[in-house]
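Chemist: Below is the structure I would like to discuss, written out as structure tokens.
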Amino acid sequence: MKAWLRWLAASLLLVLLPALTAGCWSRHEIEELAVVGAVALDAAPGDQVRLSVFITLPRAIAGGPSMGGSSGGAPAKVGEVISATGSDFAEAARRLEELIPRRLFWAQNHVLIIGEELARRGLHSLDFFSRERQMRLTMLILITSGEARQALDLPAGIELGPGTILTGIVRNKTTFKVELKDLLAMWEAPGDNPAIPRIVMTPAGGQESREAGGGGGGGSKGGGQEGGKKKPPEAVAIKGAGAFRDDRLVGWLDEKESNGLMWLRGEVREGVVTVTLPGQGAGQGQGGGRPQDFPRDQTRSQTQGQASVIFHRINAQTTARVEDQQLTFKVEIRGHGDLMENTANLNPDRQEDLQAIQEAVNREVGERVQAVIRKAQQELRTDIFGCGEILHRSNVRYWRQVRDHWNEEFTRAQIQVQVDLTLRRMGMTNRAPGKTGSTGGKGATQGTAR
Amino acid sequence: MREEGYISPRQAAVLLWFAILPTAILFLPALLVLRAHQDAWLSIIVATLAAGTVAVAVYLLARRFPHYTLFQCCELILGQVAGKAVAMVFVLAFFQLNAVVIREFSEFLATAVMPETPCLFFSISILIIAIYAARNGLEVITRCTDFILPLMVIFIAAIFLLAMPEMATRHLLPVLENGIRPVLGGALVAWSFLGQVVILATYGAFVNPPRALGWSLITGLLGIAFFLGLVVMGAIMVFGCCEVERLTFTAYDLAQVISLGQFFERVEVLFLAIWVAGVFIKITLNLYVTALGLATVTGLKEYRPLVAPLGALNIVMSCLLYRNISEVRQDLLLVEPGWTLTWQLGLPLLLLVVAWLRGKRRTGA
Chain A
26 MKAWLRWLAA
36 SLLLVLLPAL
46 TAGCWSRHEI
56 EELAVVGAVA
66 LDAAPGDQVR
76 LSVFITLPRA
86 IAGGPSMGGS
96 SGGAPAKVGE
106 VISATGSDFA
116 EAARRLEELI
126 PRRLFWAQNH
136 VLIIGEELAR
146 RGLHSLDFFS
156 RERQMRLTML
166 ILITSGEARQ
176 ALDLPAGIEL
186 GPGTILTGIV
196 RNKTTFKVEL
206 KDLLAMWEAP
216 GDNPAIPRIV
226 MTPAGGQESR
236 EAGGGGGGGS
246 KGGGQEGGKK
256 KPPEAVAIKG
266 AGAFRDDRLV
276 GWLDEKESNG
286 LMWLRGEVRE
296 GVVTVTLPGQ
306 GAGQGQGGGR
316 PQDFPRDQTR
326 SQTQGQASVI
336 FHRINAQTTA
346 RVEDQQLTFK
356 VEIRGHGDLM
366 ENTANLNPDR
376 QEDLQAIQEA
386 VNREVGERVQ
396 AVIRKAQQEL
406 RTDIFGCGEI
416 LHRSNVRYWR
426 QVRDHWNEEF
436 TRAQIQVQVD
446 LTLRRMGMTN
456 RAPGKTGSTG
466 GKGATQGTAR
Chain F
509 MREEGYISPR
519 QAAVLLWFAI
529 LPTAILFLPA
539 LLVLRAHQDA
549 WLSIIVATLA
559 AGTVAVAVYL
569 LARRFPHYTL
579 FQCCELILGQ
589 VAGKAVAMVF
599 VLAFFQLNAV
609 VIREFSEFLA
619 TAVMPETPCL
629 FFSISILIIA
639 IYAARNGLEV
649 ITRCTDFILP
659 LMVIFIAAIF
669 LLAMPEMATR
679 HLLPVLENGI
689 RPVLGGALVA
699 WSFLGQVVIL
709 ATYGAFVNPP
719 RALGWSLITG
729 LLGIAFFLGL
739 VVMGAIMVFG
749 CCEVERLTFT
759 AYDLAQVISL
769 GQFFERVEVL
779 FLAIWVAGVF
789 IKITLNLYVT
799 ALGLATVTGL
809 KEYRPLVAPL
819 GALNIVMSCL
829 LYRNISEVRQ
839 DLLLVEPGWT
849 LTWQLGLPLL
859 LLVVAWLRGK
869 RRTGA
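Chains as they are written, first to last, in this note's numbering: chain A, 26 to 475; chain F, 509 to 873.
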């Protein structure tokens, strides 16, 4: 009797087990999912929002980059972009599912692009992206002037989808990185305001001239919007940043300013500083450090040149001090750099020349930091440096007095910057080829012990 | 009633970890930070000291009545009627505690992973296993922990280590921004979890040798405080205290931020699997203790027939207890501290004082 019952129970369990372990209710087969590869958020007329998603087409990915395809070298389309509007993003997302035959699957999404108009309205509509369970807290946040949806129309290049293109660019560390969790933390903290890296898109030209915009090199500052409203963008670059006051976009930082922001916040990873140097010796008092776009003078090109230094990581320390109601922040930036390129007539083997490059680099970084401080304090009037949190940590009593009107108080604060960067290594060679390292000719040409 | 079989002091300490940690690392940090902000880690220290008083009470009781469960002690100390009444309070308290845990378990699974699945399905499926395990006795439950403990410990430590690149110690400053009151408020919330060490007074009767119970209590409590502190401080350092307040399931979110070289990502599902195993132990242990207590009170020879009905009632109770998850959080934040203070500290102390006054002890038995 007992054995009989046991057998019955065991076989019943065996039958039930396959049904239960597979997770019968919440199963989602991969064939039923529309995998979202990138998301763009825009404002829509009438206080509505527009949600655009890039949906990866599994067929296109699985088939590999169809290089031998018929479309003349251009890689096949790997996804489609669809948008829907709604009064909030949950509604818009539901409307998207009216348009496609599969369920939206958010967990593979790495990029969230915010359009300018929505950013000016405020970030409060981002709640959906932290509440929905599939969302990654580590998704990248980017901002663009104009329409964010355009960024999803990027043509496939080395990477196929806009999500992988943009995350790849950010991974190059030319700009700072803001993930959703960072954005939320910056936004929530009363003494901090978000700054988000900006995507700059180059509109498609008349013909297929991929070289023209490739890499997004020079000064195409925000000019991408007027021309290419309908056409897909040709190329993309991530440079500059959007600065927020509380949760609203208030202005843009250009490349130099956003770089200064990175230095100030200590977020420089593989930061390259290029300076123009006077060739003659250790250019004391000659105003050496000029930005790289200083007009080149043919006659002086013999002596004048550039030097680039890379900093793999730096340390920026900000301290707050209050003296008779005058608030002063002191920013100390320290780090060791390696020489990357040297076209100036300097021999970094000689200490004076090394010092000259170092000084110029320090001056240049100081200028960049000053530029962003000026912009934030005078023009944007927002504390994107997190100075308020630094004050909060060091002087709670004073912080309580200014907390409620911190951004105004911030504009009155004094910010002192002290840059102390040193050049430590010089790469695989010492003096530049074809240069003698003029003033110290003897030392430069022969004194190269190692 | 007595049960055959003994567990070692080390196993008792490990069981104590499982009796508290699984739900504590998930639900507690957000509530703790809501009260204590960046000083949450101080709250944990205070709460650990406070829970130490419970531990001392448990230890002193165990020294007076070695090899007797809490429920038996009640009768020995207070006489039959009053003793049974107090023992019944303990039984109901453990029963209610288990219902809360079951509810937390199913709410979390429904929110974070499987929203389409009815909540009841989670409770029923874990209770089936828990009933099976609880019927097999304490030794079996303990042996389960031998398997789950390394997973749990390694994983919590791994989460903390791998999330380290995202951490900034500056989020922990300023210390004591608003004075000591928020810290104490947070400690009160943490206390309602840590005070559950009182459970050792029940299964502590089966620890051999009984004098080593003190060691189990100390290592148990310190271990809990350590891992809880790891999760809470990790979360504050990653998200900043303003943001941690918003995160309902903190440890899960902490696992979410881990990203190692673009491929080791989204380990939170792994966390989920291990966490479910931990909660299974917690539910089983509570169920076992409840059944054991009820059997003692009603004078049954065996606790086993009670396990399945109690488990079924527990499911019903867990459904009836709260209308929504916000009530669960409110309960943990506002109600539980007072209630746990009563039955986890007040009652054992009362027993101890009465035993001392009446000169009751059962040493050398």
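Where a beta carbon is used, it is the ideal one built from N, C-alpha and C, also for glycine. Computed from a predicted model, the values in this text were never measured in an experiment.
1. Spell out whether any CB of chain F is found under 7 Å from the CB atom of A:E54.
2. Alpha carbon to alpha carbon, how far is A:L416 from A:T407? Give it in angstroms, no decimals.
3. Report yes or no: is there a C-beta of chain A within less than 7 Å of the C-beta of F:C627?
4. Would you call the segment 203-222 of chain A and the segment 412-428 of chain A in contact, with 3 or more CB pairs under 8 Å?
5. For A:V421, which residues in chain F fall below 7 Å Cβ to Cβ?
6. Please classify A:G238 as buried or exposed, where buried requires at least 16 other C-beta atoms within 10 Å of its C-beta.
7. What residue from A:T227, A:H337, A:R145 has the CA that sits closest to A:T199's CA?
8. Among the residues of its own chain, which have a CB less than 6 Å from the CB of F:L755, if the five just before and after it don't count?
9. Taking the alpha-carbon positions, what's the F:S486 to F:T792 distance?
10. What would DSSP say about A:G94, mapped onto helix, strand or coil?
11. Taking Cβ to Cβ, would you say A:I80 is nearer than 7 Å to A:E56?
12. Between A:A34 and chain F, is the shortest Cβ-Cβ distance under 7 Å, so that the two count as touching?
13. Could you check whether the Cβ of A:E213 sits closer than 7 Å to any Cβ belonging to chain F?
14. Got a sec: is the Cβ-Cβ distance from F:A570 to anything in chain A below 7 Å?
15. Considering only the beta carbon of each residue, do A:E300 and A:A396 sit closer than 7 Å?
16. Would A:R321 be called buried (16 or more neighbouring beta carbons within 10 Å of its own) or exposed?
17. Name the two residues that bound the continuous alpha helix (DSSP H) containing F:W699.
18. What are the partner residues of A:T110, as DSSP defines its beta bridges?
19. Inspect the beta-carbon positions of F:F701 and F:I528 and report whether they are closer than 7 Å.
20. Taking three-plus beta-carbon pairs below 8 Å as touching, is the segment 853-870 of chain F in contact with the segment 562-579 of chain F?
21. What is the DSSP secondary structure of A:P258, counted as helix, strand or coil?
22. For the segment 711-730 of chain F and the segment 563-570 of chain F, state whether three or more C-beta atom pairs, one from each stretch, are separated by less than 8 Å.
23. How should A:T223 be labelled, buried or exposed, when 16 other C-beta atoms within 10 angstroms of its C-beta is the threshold for buried?
24. Between the segment 794-804 of chain F and the segment 593-606 of chain F, do three or more beta carbon pairs fall short of 8 Å?
25. Could you spell out the range, first to last residue, of the alpha helix (DSSP H) harbouring F:F663?
26. Kindly confirm or deny that the segment 133-143 of chain A and the segment 153-172 of chain A touch, where touching means at least three C-beta pairs closer than 8 Å.
27. List the DSSP bridge partners of A:L129.
28. At a Cβ cut of 9 Å, what residues of the segment 119-149 of chain A count as close to chain F, listed as they run along the chain?
29. I'd like the list of long-range same chain contacts for F:A475, defined as Cβ closer than 6 Å, with 5 residues on each side in sequence excluded.
30. Considering only the beta carbon of each residue, do F:E751 and A:E213 sit closer than 7 Å?
31. Under the three-state reduction of DSSP, which class applies to A:K264: helix, strand or coil?
32. Our contact map puts F:A874 next to F:F747 with C-beta atoms below 8 Å; I'd like the distance itself, whole angstroms only.
33. Do three or more CB pairs link the segment 831-845 of chain F to the segment 664-680 of chain F at distances below 8 Å?
34. Can you tell me which of F:F616, F:W783, F:A590 puts its alpha carbon nearest to the alpha carbon of F:P530?
35. List the endpoints of the continuous alpha helix (DSSP H) containing A:T192.
36. So, helix, strand or coil for A:L66, using DSSP?
Modeler: This is what the structure holds:
1. As a working mapping, residue 54 of chain A is identified with position 29 in the first sequence. Closer than 7 Å: no.
2. Within the first sequence, numbered from 1, the residue matching residue 407 of chain A stands at position 382. Within the first sequence, numbered from 1, the residue matching residue 416 of chain A stands at position 391. Between the alpha carbons of A:T407 and A:L416 lies a gap of roughly 15 Å.
3. If you number the second sequence from 1, residue 627 of chain F lands on position 119. Taking Cβ atoms only, chain A never reaches closer than 7 Å to F:C627, which makes this a no.
4. yes
5. Reading the first sequence from its first residue, position 396 is the one you call residue 421 of chain A. The contacting residues are P682, E685.
6. Position 213 of the first sequence holds residue 238 of chain A. Any reading at A:G238 needs caution, since the residue's pLDDT is 37, under 50, leaving its predicted position unreliable; the model's value is listed next. Buried, since its Cβ has 16 or more Cβ neighbours within 10 Å.
7. Position 174 of the first sequence, counting from 1, holds the residue named residue 199 of chain A. Checking every option, the nearest Cα to that of A:T199 belongs to A:H337.
8. For the purposes of this step, residue 755 of chain F is identified with residue 247 of the second sequence, where counting begins at 1. The answer, listed in chain order, is A538, D761.
9. What the structure shows of chain F is the stretch from 509 to 873, and residue 486 of chain F is not part of that stretch, so it cannot be assessed.
10. Mapped onto the first sequence, residue 94 of chain A falls at position 69. With a pLDDT of 43 at A:G94, under the threshold of 50, the predicted position of this residue should be treated as unreliable, though the coordinate-derived value follows. In the structure shown, A:G94 sits in coil (DSSP, three-state: anything other than H, G, I, E or B).
11. Looking up residue 80 of chain A in the first sequence gives position 55. Looking up residue 56 of chain A in the first sequence gives position 31. Not in contact: A:I80 and A:E56 (Cβ atoms no closer than 7 Å).
12. Residue 34 of chain A sits at position 9 when you count from the first residue of the first sequence. Not one chain F Cβ lies under 7 Å of A:A34.
13. The residue given as residue 213 of chain A occupies position 188 in the first sequence. At least one chain F Cβ lies under 7 Å of A:E213.
14. For the purposes of this step, residue 570 of chain F is taken as residue 62 along the second sequence, with counting starting at 1. No, because no Cβ of chain A sits closer than 7 Å to the Cβ of F:A570.
15. The count along the first sequence starts at 1 and reaches residue 300 of chain A at position 275. The count along the first sequence starts at 1 and reaches residue 396 of chain A at position 371. Note on identity: in this sequence residue 300 of chain A is Val, with Glu being the wrong assignment. No. Outside cutoff.
16. For the purposes of this step, residue 321 of chain A is identified with residue 296 of the first sequence, where counting begins at 1. With a pLDDT of 43 at A:R321, under the threshold of 50, the modelled position of that residue is not reliable, and the figure given next carries that caveat. Its Cβ having fewer than 16 others within 10 Å, A:R321 is exposed.
17. Translated into the one-based positions of the second sequence, residue 699 of chain F becomes position 191. 689-702 is the extent of the alpha helix (DSSP H) around F:W699.
18. Sequence index remark: in the first sequence, residue 110 of chain A carries index 85 (1-based). Per DSSP, A:R75.
19. Locating residue 701 of chain F in the second sequence gives position 193, counting from the first residue. Locating residue 528 of chain F in the second sequence gives position 20, counting from the first residue. Yes, these two residues count as a Cβ contact at 7 Å.
20. Enough Cβ pairs lie closer than 8 Å, so yes.
21. Start at 1 with the first residue of the first sequence, and residue 258 of chain A comes out as number 233. In the structure shown, A:P258 sits in a strand (DSSP, three-state: E or B).
22. yes
23. Taking the first residue of the first sequence as 1, we reach residue 223 of chain A at position 198. A quick correction: the sequence has Arg, not Thr, at residue 223 of chain A. With 16 or more other Cβ atoms within 10 Å, it is buried.
24. yes
25. Position 155 of the second sequence, counting from 1, holds the residue named residue 663 of chain F. It spans 646-670 - the alpha helix (DSSP H) in which F:F663 sits, taken as one unbroken run.
26. Touching, per the Cβ criterion.
27. In the first sequence, the residue the question calls residue 129 of chain A occupies position 104. In DSSP, A:L129 forms a bridge with A:A59.
28. When C-beta distances to chain F are compared with 9 Å, the residues of the segment 119-149 of chain A below that value are A132, in chain order.
29. Past the boundaries of the shown model lies residue 475 of chain F; chain F is included only from 509 to 873, so the question cannot be answered.
30. Position 243 of the second sequence, counting from 1, holds the residue named residue 751 of chain F. Position 188 of the first sequence, counting from 1, holds the residue named residue 213 of chain A. Yes, they are a contact pair.
31. Locating residue 264 of chain A in the first sequence gives position 239, where the first residue counts as 1. Strand.
32. Since the first and last residues shown for chain F are 509 and 873, residue 874 of chain F lies out of range.
33. no
34. Taking the second sequence and counting its residues from 1, the one referred to as residue 530 of chain F is at position 22. Of the candidates F:F616, F:W783, F:A590, the one whose C-alpha sits nearest the C-alpha of F:P530 is F:W783.
35. Within the first sequence, residue 192 of chain A is the residue found at index 167, counting from 1. Note, A:T192: alpha helix (DSSP H), 187-196.
36. Your numbering for residue 66 of chain A matches position 41 in the first sequence. In the three-state reduction of the DSSP assignment, A:L66 falls in the strand class.
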